[in-house]
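Student: So for the sequence shown, this note's numbering puts the first residue at 25; every next one is plus one.
In this text, a Cβ means the ideal position worked out from N, Cα and C, and glycines have one as well.
Everything numeric in this text was worked out from a predicted model, so none of it was measured.
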Amino acid sequence: METTIPKQINTLDDKDYTFLRQVGMQHIESMAHKLWTDYNAHDPGITFLEVLCYAITDLGYRIDFPIPDLVARPQSESTELEDIFPTAKSIFTTKPITESDYRKLFIDIPGVKNAFIRKNLEAKVHMHCSLKDEVTPQDPKGKLSYESDLLPDYEKKDTFILKGLNDVFFELDSNFKQLEKDDPVRMAKVQEVSDAIFNSYHSNRNLCEDLVKVEEVGEYEFQVCGDIEIDKTANAQEVVVEILFRIQEHVSPSVKRYTLDELLAQGKTTDAIFNGPVLEHGFITDEELENANIKTEIRLSDLVQIVMETPGVASVRDLAIMSCPCNKDDGDSPEEECEPEENPWKICFPPGFDKVIKLCLKNSVLNIFKDVIPINIDPAEVALAFEEKFEAHNEALALTYDDIDIPEGRYLNNGTYHSVQNDLPGIYGIGLEGLSPRESKERHAQALQLKAYLTFFDQILATYFSHLHNIGKLLSGNMQGSNTYYLDELQDIKHLEKVLKNDVEYQQEAFLALNKLDNYIDRKGKLLDHLLARFAENMNEYVFLMIDLFGLETREASLWHKARLLSEYGDLGYQRAGAMNYLDVPDGIWDTSNVSGLQHRIARLLGVRDFSRRDLTSYNFEIFPEADADPTDEWRWRVRYPDNSIVFTSNRKYDTREEAESQLWKAIPLAWDTDNYQLQPTADGTQWFFNLLDKSKEIVARHVKFYADKSEAEKTIQDFAAYMFDKVTDEGFFLFENIYLRPDAADPSATQKFMDICVDENCEQCKPEDPYSFRLTIVFPGWTRRFSNLHFREFAEQLIRSEVPAHILTRICWIGSLPETDSEDPPPSQMEQLEELYRKWLEHRMQSPSDQMNNPFLKPLVKLLHTLDSIYPHGTLHDCNEDGKAETSIILNRSSLGELKKKENGNE
């Protein structure tokens, strides 16, 4: 039998007063039947039960309020609901992935009527085999080249076409298309649109793809001639313009946009409406794109029907279509096998024909009659009116790309709790009216005793209502604070001060008692798991691995990683297939988060906090020896800001460097939570300073700076908390798209800049033969504590391969940061070389994004990437009688003999 999770699990018992009273009676009978026998309504105990049941039903009804009302806050505490509930526009949309997505993106650009993206098949690469007896690094056994003939030194063995390269062809708006191709206005518009498409493509580029060229699509012009009779009351010029407009829209339709309301009215689902990229001028459906594809034929019968359906047309006496003579004047005419087939009834276009169809106005002739009287029409006025009609048509196409607003809830103050003591009859003397002063002291004492008894229940119920008040905070990725239970201060209880000896102590004790029940890590983890599961995400395998490899202290850090994944999910989803933008670099190419969406997502799933492109061999923290008169070696740690100012310095001194570094990694997660910052004034009250505390409220680190204004200190704390999470880490990685490392086809020395290839003694190339197409290279620093752990590496590699698109092949390297030799002047490590070459190559490329011909760092970079070696923990060959641990055993392809030179950094 298949087990499923029921959609409706609410029993509604919490709102059933009769049910609650019945269950309460059953508990009373089972627990106190020997002492309590009167269960009638007049019994005070039953009265207490009834008011408590009523309070529970009140809570039950409030829980059932609409979610917008439950999370609504008063205006004084306004919060962005988008932080809790992402909108359809932010969660369903993605950067362009398919051909249709890119067409929508380009058609959305002003001035573009239609657009087409095609594979570029011109980048042919030939594999050549050496004919020489001797092989050298300069003359390898196998070589790639754009040239098909490298004789007499090399013989061509194979040829492949680089994949992932694209061309974009666009069609101008019809009012620009009517201008001659050499018209300055049209030429300027073509250049403007080409630049806009080029920039838009690179802002939305897919991984391992590139744009080769952007051109205006070719045109095939045809002319229409005929005799048409119109109604006696019709305006001849308006009828002709309408006929020409309809014919042009038939052979080359404009792509219609829709509003959100129109699509919802058509019954389309929200996920279907928002599928694809975010546009600016309305929604475009796949059906509209399909209708706007290049026509395969023009049928005379279709045009006759179009003319007949035009308002004002009485009859079509004669109509003919034919190719326009100007097509023969086009120097870029199609190949002979792609020529259209023409007859009196239709014009057919072969499959290889890739031009849009345009109605030639200057050669089209429509003779208009009213009965037998010919009507003269000025062709110039017709052309002007035709242009004006298309301008109005294009303006009507420009709509808006609206989002579905989050329902605005009503703030109902649903956390307010009213004491059950005020619902009891006045005879009990514990309500707001109290007892008369004339009552005896014994009677007053009895009332206070009852008040104390019911206050226990009031506190429990008030805490439940407080949870409901904080439901928005619970259902979010907000990690500030370390509690999931919320204590509410009791209100509207008369003479409460006579029941509680000390109100402050009571609140403190109640808070401590509640915190003992609050397993924050477990409860917050379940809440975050629930929210992530709504997006089909699960980080538990990562959490369990971290606990297994690095201990239970990693659990709280894992909560922060889950919360960050959740808070960035809209951006991660939109960018999931997106690559780095090589054109938009206002902040430079280094120390920037302008990386691929895949790199961002992998970092979040692996708990890598800083995914930016930066130096991985230098850190913003340091371990330093204490300089004092004490001869004993002592160590401290400190963290620096980008301007080199000190953020924190450890409060304690440590006996060893290793201990100081270990404590640094324990302190870093503390600094993520602003609740762990102790802000206090100086002794004279004129300035403010703060320290970092651990969970036991002991000072871990000091920030040695004073602030004249408290708000400035609070702002600094917020900045430090974000900085400590985002930037203070020793982890990161580089992601290279091999297709971007190809040499330019026009480069005379391109043959020397290709990647090295692997060939056997028979000159058979290793698979896959193409080292560029749909290939990624991901490079990790293999010396950090987590990244040097083989089990973590295995998990990371499996996760990466599951996240990378299926058509992309990925190579993963874990390289070192320290020299491989112990000489006095050792060469730079592979990571240091890679950082330098990668940065210089990017800087040079940014100066000329479309030209790598003069980039001197291309070949050294691809050569280094080809020779990268992964480093492994040192292994030990154990004797047969020895019991060797798995961590130090020799594992094929996973170990190295000797010592791994790495820094023993901590984990989170």
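Please return the same chain residues whose Cβ sits closer than 6 Å to the Cβ of residue 43, not counting the five positions on each side in sequence.
Tutor: 37
Student: Pick out whichever of 446, 200 and 178 has its Cα sitting closest to the Cα of residue 407.
Tutor: 200
Student: Buried or exposed for residue 656, going by 16 or more other Cβ atoms inside 10 Å?
Tutor: Label assigned to residue 656: exposed.
Student: So, at 6 Å on beta carbons, what are the nonlocal neighbours of residue 238 in its own chain, with the 5 sequence-adjacent residues on each side left out?
Tutor: 192, 218, 221 and 222
Student: From this set, 300, 651 and 584, which residue's C-alpha is nearest residue 693's C-alpha?
Tutor: 584
Student: Consult DSSP for residue 707 and reduce its assignment to one of helix, strand or coil.
Tutor: coil
Student: Can you grab the Cα-Cα spacing for the pair residue 138 / residue 554, in whole Å?
Tutor: Straight across, the Cα-Cα distance linking residue 138 with residue 554 is about 43 Å.
Student: Between the C-alpha atoms of residue 697 and residue 639, what's the straight-line distance to the nearest angstrom?
Tutor: 27 Å
Student: Entirely within the segment 79-139 and at least 4 residues each: give me those alpha helix (DSSP H) ranges in chain order.
Tutor: 91-95, 112-116 and 123-131
Student: Report the CB separation of residue 117 from residue 764 in whole angstroms; it is logged as a contact under 8 Å.
Tutor: Their Cβ separation, rounded to whole angstroms, is 26 Å, which puts residue 117 and residue 764 out of contact at 8 Å.
Student: Where does residue 835 sit, in a helix, a strand or coil, going by DSSP?
Tutor: strand
Student: Any idea what DSSP makes of residue 57, helix, strand or coil?
Tutor: In the structure shown, residue 57 sits in coil (DSSP, three-state: anything other than H, G, I, E or B).
Student: Within 10 Å of its beta-carbon, does residue 229 have 16 or more other beta-carbons around it, so buried, or fewer, so exposed?
Tutor: buried
Student: Could you say which of 240, 669, 723 and 707 lies nearest to residue 687 if we only look at CA atoms?
Tutor: 723
Student: If residue 194 sits next to residue 241, beta carbons under 8 Å apart, how far is it from one beta carbon to the other, in whole angstroms?
Tutor: 6 Å
Student: Taking the straight line between their C-alpha atoms, what separation do you get for residue 358 and residue 373?
Tutor: Its pLDDT being 45, under 50, residue 358 is placed unreliably by the model, and the measurement read from it follows with that caveat. Distance between the alpha carbons of residue 358 and residue 373 is about 11 Å.
Student: Are residue 404 and residue 368 close, meaning C-beta to C-beta below 8 Å?
Tutor: no
Student: Which term fits residue 540, buried or exposed, when burial requires 16 or more other beta carbons within 10 angstroms of its beta carbon?
Tutor: exposed
Student: If we define contact as Cβ-Cβ less than 8 Å, is residue 464 a contact residue for chain D?
Tutor: No chain D is present in this structure, which holds just one protein chain.
Student: For residue 388 and residue 559, I'd like the C-alpha separation in whole angstroms.
Tutor: Taking the straight line from one Cα to the other gives about 57 Å.
Student: Helix, strand or coil for residue 278 per DSSP?
Tutor: coil
Student: Look at the alpha carbon of residue 766 and the alpha carbon of residue 777, and state the distance between them as a whole number of angstroms.
Tutor: 8 Å
Student: Between residue 378 and residue 244, what straight-line distance do the alpha-carbon atoms span, to the nearest angstrom?
Tutor: 9 Å
Student: Got a sec, what are the start and stop residues for the beta strand (DSSP E) residue 563 sits in?
Tutor: Per DSSP, residue 563 belongs to no beta strand (DSSP E) and is neither H nor E.
Student: Should residue 348 be labelled buried (16 or more other beta-carbon atoms within 10 Å of its own) or exposed?
Tutor: buried
Student: In terms of alpha-carbon separation, which member of 487, 549 and 574 lies closest to residue 537?
Tutor: 487
Student: Restricting to Cα atoms, I'd like to know which of 491, 479 and 522 is closest to residue 468.
Tutor: 522
Student: Output the distance between the C-alpha atoms of residue 519 and residue 115, rounded to the nearest integer angstrom.
Tutor: 52 Å
Student: Residue 340 to residue 370, Cα distance in whole Å?
Tutor: 17 Å
Student: Measure from the alpha carbon of residue 788 to the alpha carbon of each residue in 840, 166 and 546, then state which is nearest.
Tutor: 166
Student: For residue 510, name the three-state secondary structure that DSSP assigns.
Tutor: coil
Student: Which word fits residue 224, buried or exposed, when buried means at least 16 other C-beta atoms lie within 10 angstroms of its C-beta?
Tutor: buried
Student: With distance defined between alpha-carbon atoms, name the residue in 153, 334, 743 and 863 nearest to residue 616.
Tutor: 863
Student: When the Cα atoms are used, what is the spatial distance from residue 35 to residue 306?
Tutor: For residue 35 and residue 306, the distance between alpha carbons rounds to 44 Å.
Student: Is DSSP giving residue 614 helix, strand or coil here?
Tutor: coil
Student: Could you tell me if residue 69 is buried or exposed, where buried requires 16 or more neighbouring beta carbons within 10 angstroms of its beta carbon?
Tutor: exposed
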